[in-house]
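Protein chains: 4
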Amino acid sequence: MAIVLGENRYGKAENRVFRITRHGDTHEILDLNVSVQLMGDFADTHLTGDNAKVLPTDTQKNAVFALSHQLGPLEPEAFGVALARHFIGTQPAVSGVEVRLDLFPWHRIECRGTPHPRAFRRDGSHVRVATVRASRNGADLRTWITSGLEKLVVLKTGDSAFKGYPRDRYTTLQETDDRILATEVSARWRWSESDPAKLEGVDWAASHRAAMDTLLQTYAEHHSLSLQQTLYAMGKSMLEAQTGFAAVRLSLPNKHHFVVDLSPFGQRNAAEVHIAADRPYGFIEAVVQRDDAPPPPATWPTW
Amino acid sequence: MAIVLGENRYGKAENRVFRITRHGDTHEILDLNVSVQLMGDFADTHLTGDNAKVLPTDTQKNAVFALSHQLGPLEPEAFGVALARHFIGTQPAVSGVEVRLDLFPWHRIECRGTPHPRAFRRDGSHVRVATVRASRNGADLRTWITSGLEKLVVLKTGDSAFKGYPRDRYTTLQETDDRILATEVSARWRWSESDPAKLEGVDWAASHRAAMDTLLQTYAEHHSLSLQQTLYAMGKSMLEAQTGFAAVRLSLPNKHHFVVDLSPFGQRNAAEVHIAADRPYGFIEAVVQRDDAPPPPATWPTW
Amino acid sequence: MAIVLGENRYGKAENRVFRITRHGDTHEILDLNVSVQLMGDFADTHLTGDNAKVLPTDTQKNAVFALSHQLGPLEPEAFGVALARHFIGTQPAVSGVEVRLDLFPWHRIECRGTPHPRAFRRDGSHVRVATVRASRNGADLRTWITSGLEKLVVLKTGDSAFKGYPRDRYTTLQETDDRILATEVSARWRWSESDPAKLEGVDWAASHRAAMDTLLQTYAEHHSLSLQQTLYAMGKSMLEAQTGFAAVRLSLPNKHHFVVDLSPFGQRNAAEVHIAADRPYGFIEAVVQRDDAPPPPATWPTW
Amino acid sequence: MAIVLGENRYGKAENRVFRITRHGDTHEILDLNVSVQLMGDFADTHLTGDNAKVLPTDTQKNAVFALSHQLGPLEPEAFGVALARHFIGTQPAVSGVEVRLDLFPWHRIECRGTPHPRAFRRDGSHVRVATVRASRNGADLRTWITSGLEKLVVLKTGDSAFKGYPRDRYTTLQETDDRILATEVSARWRWSESDPAKLEGVDWAASHRAAMDTLLQTYAEHHSLSLQQTLYAMGKSMLEAQTGFAAVRLSLPNKHHFVVDLSPFGQRNAAEVHIAADRPYGFIEAVVQRDDAPPPPATWPTW
């Protein structure tokens, strides 16, 4: 009954790459947090401390910044593919790469109605994310890409009910036809295509804007009988709008807002004044997918 | 050399009040975090445990929610004054009140270009804040109000230099004519008027929007020779625009973005690729004020 | 190419259960954060909003507190099994349960060398964690249990080298025979036995203490040629010491401490003064396992 | 009504200094977070951008690390005095300095009962803090020192009542003879002596250990009629034990633990099972001082 090395990976996390692209006096910016993880033939360093195959994480950091300079202001998905190609292509020991990229959005500051060419304010409403997983396929690179967003907080004050649920001895919840439905959206959409050459024409930024718009609009207009139903409607509308997506995964905490009981003070609170609660909270997760969606690679952990 | 009780206060912090106001099918929302602190004749509870003068913090919480219901969707400054008036007016032991209010801004979700009447997304770009300090003045209430904002992250890619500074044996910094200038703005502006009756007509929301616009525009358009100079310009423009403000206090961390040295890789980085640093960071604080500004009350904390 | 529901689950997260057990004037405490996730036949609520099978998360919360009262101060692993058994046993729609439990450790306050019977201080050095995954197996319950810990920060000032690594065009790192090795340990150990009846005699607390001691001692005494080698040594020693473990997973950020270059000031810093860096950081993850370890269930996400 | 510059200061915050002191094979470590703020004649940079008096914050950072190397492993209070002396003594424009120092405590890892000479684990139970405020007094330096601690979480399961409080229309709280009393202690103690020469013999570490022990023991043994009374008892016992302290300031959030109502499920919960709440929370602050304590300097901020 020997003890052996199982799944393993390593890399440099949270490289904070900030890029300026100058078009004369007008500047564009790109603000990324890039994390690299390498998989491959790394048994030696674990078992004996022989580092002959271990590209230092410091070198990985240098490569992230140098390649950003060489390649220019790529979209996160494209930069992730380029980084994966670099590490797989130059390190024989590396057979798989995972790159996680967070993009922090910024807006130009408006001065008398005109966007300023060189001054920006951060848009704290969400973080755009992408993950690229790559593996060698003989001489070829195959890539599995997810795009997504995090920290998008939404709330609706109507069109949300919850009733018809089973009751057991621990059930005290009252049915409701009208409750606040609030959540902080984490969404990932997985692209079907794994041949990076076929994805070169994708306008990643436009697709992301459209996906977020679809998600928000469906959330806003859906008459919700449960947060699960709203989740499914959001994912379904995103798949219908963008044929390149194989699946959408949504993770939705139910951020409870409770109507405050003011009857001890002789006041009738018609669902006007609520208390926003912290913990505990409901938590709903599901994948909405095409029935012929290719499975994601059996990586670790499964997305 | 006896041991005695010094400055003291107590209250209920972080009451998360969420209000809906319904105009038919169109709803308005108001999302507040309200903290109350009471000052007064509380020696007994400290010295003997006699609580006869200690209004429970649980009661304070109830009052915050009940008064929000009674008073409707007041602006933070007005709600703070009302809460202060309530506690001073009903509790003989209370001679001073401090109310801190955070307002979390939300936007309506846009659906095909139309703002939705009942669906919202949180604007994470800043938090609006207000503080009301009140004390009895005979039968009258006097209030010192500050308005402000926090967590407003801004960055400019040009029009920022830093040079001409003194050098000592520990100085290695290079002078620069062109650096990224980024900060997370915390701003407070103190109102001159301390008679709450004379402030009843103030449009707090409009004043706040205008103050933030002035701050942002000055930051964007200022040709900066130091973050201190930009700070002063921001404060000065806000005082010039709004005569009700006695003083502006700004706290500005210098969020460093360093040009990455790519010369070891044969690359010339013309201030395109930067690394966004975490710690340490510069920190600049100053008050810009009218020379005849009345001093704020000698409140606590003093150390 | 229809759109369908994929993997899904839901539950109540972060129920903060705090228990007192009184033995006369001496009290024991148990401080838990319990999160429940249910898997099963929940297509209806997603597709039509029919909630007939959706036990409310509010009910789940009530069950967590009520069962804690009924069952007494169980160890996290045992309480997780009991909760899983409850939800699977009483809800026909539920076929799988995942319970995550965080235990916050406390110590008694010492007064003149004697532990106080009713006063405690929190031990912030780590959080003990457990995860129970359960599924129906005909009439039987099968459970896969992991125990572990998080937020254990360790550092060694010697016995750590890193050299012999490959160099490419982006490598600037210097080899070292002597560096600070610091990390924040996240560890999980998976138990081989999935029949809960056979685990009833386990002393979970004693096993946890022993596992943490083994982990710390191996970390302290290992002469490290790489963080990977130290990771493997830690996992191996834990498996050798406790035959009930099938595998150990360790996630180790490399918390870099860089020697500060003081040569511009004429000072020779012999690795005395360092700067503790925030980002980026190395990140090392691996599983150390028995070669005959049964695989974990194909759940979502694979642990 | 001119606009003028008011109070202002600047510096480098959060310099993460980590020191090793080697005694042969046995190492001592010192882990500090050091923030420097300078006050003085800085009107020019604010008003015109002339930086001739503005020692760069980058230089301040260099000085912190270089002086740590020169001076060796000083206690936080002593290192703060040395840094203040350096900046006041070498920069004519500087008339005041504030240094804030956080010390993160570590313990040696125990291996078979023996503390390891070079391996450590972080003690997350609290952070030790110190603040040194210094000003020129003619040719002399005067320093006002506070020592303290933060993030010390304590809880008692008995000997705590709360009753006899006033009731108004918003009071619903029940009186209790027996409640959990939990808080996260932030404490500061101010030293009377402002001549740094007279403080040179102080054993700061021993004083800190003793102060924390006194605080914890008083908290544990006090029969509490209110958190205010416990606060006062803690401060008083600290002043009685250490004659060098002029005053103690304590900030104590009341971390509420509510007894869960299990009566809907037919269970009688005799204050065994509680829910630990997040927000809102009570918040109690007070200073306990000697009646002849010299006042602290009229420093900033005042609002």
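Sequence lines, in order, name chains A, B, C and D.
Under this note's numbering, the residue at position 101 of the first sequence is numbered 101, and the numbers go up by one with no gaps.
Every number in this note's numbering is 303 more than the matching position in the second sequence, counting from 1.
Every number in this note's numbering is 606 more than the matching position in the third sequence, counting from 1.
Every number in this note's numbering is 909 more than the matching position in the fourth sequence, counting from 1.
For each residue, glycine too, the CB sits at the ideal point set by N, CA and C.
Notebook entry, point to check: Any idea if Pro901 (chain C) is buried or exposed, counting beta-carbon neighbours within 10 angstroms, 16 or more meaning buried?
Noted result: exposed
Margin query: Within 9 Å of any Cβ in chain B, is that where the Cβ of Phe927 (chain D) sits?
Written below: no
Margin query: If you reduce the DSSP assignment to three classes, tell me which class Asp347 (chain B) lands in.
Written below: DSSP places Asp347 (chain B) in helix when its eight states are reduced to three.
Notebook entry, point to check: How many whole angstroms separate the CB atoms of Lys757 (chain C) and Glu790 (chain C), which I take to be in contact at a CB cut-off of 8 Å?
Noted result: 6 Å
Notebook entry, point to check: Buried or exposed: where does Gly96 (chain A) fall if 16 or more other Cβ atoms within 10 Å of its Cβ makes it buried?
Noted result: buried
Notebook entry, point to check: At a Cβ threshold of 9 Å, is Glu14 (chain A) touching chain D?
Noted result: no
Note to self: If I measure Cβ to Cβ from Ile1184 (chain D) and keep anything under 8 Å in the same chain, skipping five residues before and after, which residues do I get?
What the structure shows: Within the same chain, Ile1184 (chain D) has close Cβ partners His1166, Phe1167, Val1169.
Checklist line | Rounded separation between Gly352 (chain B) and Asp1068 (chain D) - CA only | finding: Each residue's Cα considered, the two are about 13 Å apart.
Next item on the list: Helix, strand or coil for Met910 (chain D), going by three-state DSSP, please let me know.
Entry: Assignment of Met910 (chain D) by DSSP, reduced to helix, strand and coil, places it in the coil class.
Check: Is the CB of Val610 (chain C) under 9 Å away from at least one CB in chain A?
Finding: Yes, its Cβ sits closer than 9 Å to a Cβ of chain A.
Margin query: Looking at Glu575 (chain B): is its Cβ nearer than 9 Å to the Cβ of Arg121 (chain A)?
Written below: no
Margin query: Classify Asp328 (chain B): buried if its beta carbon has 16 or more other beta carbons within 10 angstroms, exposed otherwise.
Written below: exposed
Margin query: Taking 9 Å as the threshold (C-beta atoms), are Leu1064 (chain D) and Ala1096 (chain D) in contact?
Written below: no
Notebook entry, point to check: Opposite Ile1054 (chain D) in the DSSP bridges: which residues?
Noted result: D:Val1041
Next item on the list: Return the CA-CA distance between Arg285 (chain B) and Gln532 (chain B), expressed in angstroms with no decimal places.
Entry: There is no way to answer for residue 285 (chain B), as the model of chain B reaches only from 304 to 606.
Next item on the list: For Asp471 (chain B), count neighbouring Cβ atoms within 10 angstroms of its own Cβ and tell me buried if that reaches 16, exposed if not.
Entry: With fewer than 16 Cβ atoms within 10 Å of its Cβ, Asp471 (chain B) is classed as exposed.
Item checked: Secondary structure of Trp303 (chain A), DSSP reduced to three states -> Here the model assigns Trp303 (chain A) a pLDDT of 35, short of 50, so the residue's position is not dependable, and the following value carries that caveat. Here Trp303 (chain A) sits in coil by DSSP.
Next item on the list: Answer yes or no: does any C-beta atom of chain A fall closer than 9 Å to that of Pro1173 (chain D)?
Entry: Yes - at least one Cβ of chain A is within 9 Å of the one on Pro1173 (chain D).
Notebook entry, point to check: In chain A, which residues lie with their C-beta within 8 Å of the C-beta of Asp1187 (chain D)?
Noted result: Asp278, Arg279
Checklist line | Residues of the region 749 to 775 of chain C whose Cβ lies closer than 9 Å to any Cβ of chain D, in chain order | finding: Lys757, Leu758, Val759, Val760, Leu761, Lys762, Thr763, Gly764, Asp765
Next item on the list: Within its chain, find whatever has a CB closer than 6 Å to the CB of Val339 (chain B); leave out the 5 residues flanking it on each side and keep chain order.
Entry: Excluding sequence positions up to five before and after Val339 (chain B), its CB lies within less than 6 Å of the CB of Gly314, Lys315, Gln363, Val402, all in the same chain and listed in chain order.
Check: What's the gap between the Cα of Ser133 (chain A) and the Cα of Pro903 (chain C)?
Finding: According to the sequence shown, residue 133 (chain A) is Arg rather than Ser. Each residue's Cα considered, the two are about 23 Å apart.
Check: For Trp795 (chain C), which of C:Asn668, C:Val894, C:Ala669, C:Ala839 has the nearest alpha-carbon?
Finding: C:Val894
Check: Is it right to say Thr782 (chain C) is buried, meaning 16 or more other beta carbons lie within 10 angstroms of its own, or is it exposed?
Finding: exposed
Next item on the list: Please go through the same chain and pick out, in chain order, the residues whose beta-carbon is closer than 6 Å to the beta-carbon of Ala899 (chain C), but skip the five residues on each side of it.
Entry: Ala852, Ala853
Next item on the list: Can you give me, in chain order, the residues of the region 539 to 570 of chain B that have a beta carbon less than 7 Å from any beta carbon in chain A?
Entry: His560, Val563, Leu565, Phe568, Gln570
Notebook entry, point to check: Apart from the five residues on each side of it in sequence, which residues of its chain come closer than 6 Å, Cβ to Cβ, to Trp191 (chain A)?
Noted result: Ile145, Gly244
Checklist line | Cutoff 6 Å; reference Ser843 (chain C); Cβ partners in own chain excluding five residues on either side | finding: Thr820, Thr824
Next item on the list: May I have the straight-line CA-CA distance separating Arg622 (chain C) from Tyr281 (chain A), to the nearest angstrom?
Entry: Using only the alpha carbons, I get a separation of about 11 Å.
Margin query: Less than 9 Å between the C-beta atoms of Gln848 (chain C) and Pro166 (chain A), yes or no?
Written below: no
Item checked: Burial state of Pro907 (chain C) (16 or more Cβ within 10 Å) -> With a pLDDT of 46 at Pro907 (chain C), under the threshold of 50, the predicted position of this residue should be treated as unreliable, and no value is reported.
Check: At a Cβ threshold of 9 Å, is Val1008 (chain D) touching chain B?
Finding: Not an interface residue.
Next item on the list: Can you grab the Cα-Cα spacing for the pair Asn51 (chain A) / Leu831 (chain C), in whole Å?
Entry: 8 Å
Next item on the list: Could you give the DSSP three-state label for Ser798 (chain C): helix, strand or coil?
Entry: If DSSP states are grouped into helix, strand and coil, Ser798 (chain C) belongs with coil.
Checklist line | Exposed unless 16 or more other CB atoms sit within 10 angstroms - verdict on His526 (chain B) | finding: exposed
Check: Would a check of beta-carbon distances place Lys667 (chain C) closer than 9 Å to chain B?
Finding: Output row for Lys667 (chain C): interface = no.
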